[in-house]
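Colleague: When we follow the UniProt record's numbering, the leftmost residue of the sequence shown carries the number 1, and every step to the right adds one. Glycine included, every Cβ here is placed at the ideal spot set by N, Cα and C. Here's a structure for you.
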Amino acid sequence: METTTYLRIDPEDLDDVLTKIEQSYSITFGTNDLRQVETFGQLCEAITEKIQLADVEDCTSQQAFYKLRQGIVDVLHMDRQAVRPTTELATLFPKSTRRAAVQQLEQQLGFSFRVLLPNQYITFLGFLLISVSLIALKFSTRFGLAGVIGGIGILSIGVIIKSSWQFTLHTVGELSEKLAREHYTKVRRDSCTVNKREVADQIKQVFCTDLGIPADQLKPDSLF
């Protein structure tokens, strides 16, 4: 006997995901458009129906890879044969020029994909110092403020130091999948087309990636 799956997603988190989906597919939902939606399957259907583009059967993830590969080739001036789905991003983008090169790639593609973060250890140390210092403010304003300023300084150093920026993904293929999820229409050869057969799976990947929901919980009859 199957039991009903309740997704129990925080409303604000759901709004953030829906906003990302709207941007990816160049659609906009009105205030009451999703009022009758109760299940994940109904949401996928509502999104698919909202997309008023020509329906063609081709692979968006593949097109995202080709677009990304060409962008990398143009920015890094390298042989396209050296860029494969399994190629490590850290290998293509050395730490010394990583942030600037990724920014150039974003400009080349025409959109931002937020794939870099400052060194996690530096960030952790900075936030830890700030947290401890906020507690210390109750006992000593002088030392508490000094700690907060020191924590902010550490975070600033992490942002400024070129070699501290790290990728949140590992390979070109993983980045291609991210682009297909978050910039669907922009990575397609023809932005006026859509492959409606793959939309539900793309939406599922967004929910799994952004909300940490296991794929086996995202069933058509899963309730919000």
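(1) For T91, which three-state DSSP category applies?
(2) Going by DSSP, what residue range makes up the alpha helix (DSSP H) through Y25?
(3) Mind checking F40: buried by the 16 CB within 10 Å criterion, or exposed?
(4) With the cut-off set at 8 angstroms, would you say L117 and I72 are in Cβ contact?
(5) Going by the CB atoms, is the gap between K178 and F224 shorter than 8 angstroms?
(6) Would DSSP call L117 helix, strand or coil?
(7) Could you compute how far the alpha carbon of E38 sits from the alpha carbon of T28?
(8) In whole angstroms, what is the alpha-carbon distance linking K196 and S222?
(9) Quick check on DSSP: helix, strand or coil for L179?
(10) Under a Cβ-count criterion, where at least 16 other Cβ atoms within 10 Å of its own Cβ denotes burial, should C44 be classed as buried or exposed?
Modeller: Well, looking at it:
(1) One-based indexing of the sequence shown puts residue 91 at position 91. Three-state DSSP puts T91 in a helix.
(2) Counting from one through the sequence shown, the residue named residue 25 turns up at place 25. Counting along the chain, the alpha helix (DSSP H) containing Y25 begins and ends at 11-25.
(3) Position 40 of the sequence shown, counting from 1, holds the residue named residue 40. Buried: at least 16 other Cβ atoms inside 10 Å.
(4) Numbered from its first residue, the sequence shown carries residue 117 at position 117. Numbered from its first residue, the sequence shown carries residue 72 at position 72. No, they are not a contact pair.
(5) Here residue 224 refers to the residue found at position 224 of the sequence shown. Here residue 178 refers to the residue found at position 178 of the sequence shown. The answer is no: Cβ separation not under 8 angstroms.
(6) As a position in the sequence shown, residue 117 is number 117, starting the count at 1. Strand.
(7) Residue numbering aside, residue 38 sits at position 38 when the sequence shown is read from its first letter. Residue numbering aside, residue 28 sits at position 28 when the sequence shown is read from its first letter. Roughly 19 angstroms separates the two Cα atoms.
(8) Numbered from 1 along the sequence shown, position 196 holds the residue referred to as residue 196. Numbered from 1 along the sequence shown, position 222 holds the residue referred to as residue 222. Using only the alpha carbons, I get a separation of about 21 angstroms.
(9) As a working note, residue 179 is residue 179 in the sequence shown. If DSSP states are grouped into helix, strand and coil, L179 belongs with the helices.
(10) Along the sequence shown, one-based indexing puts residue 44 at 44. Buried.
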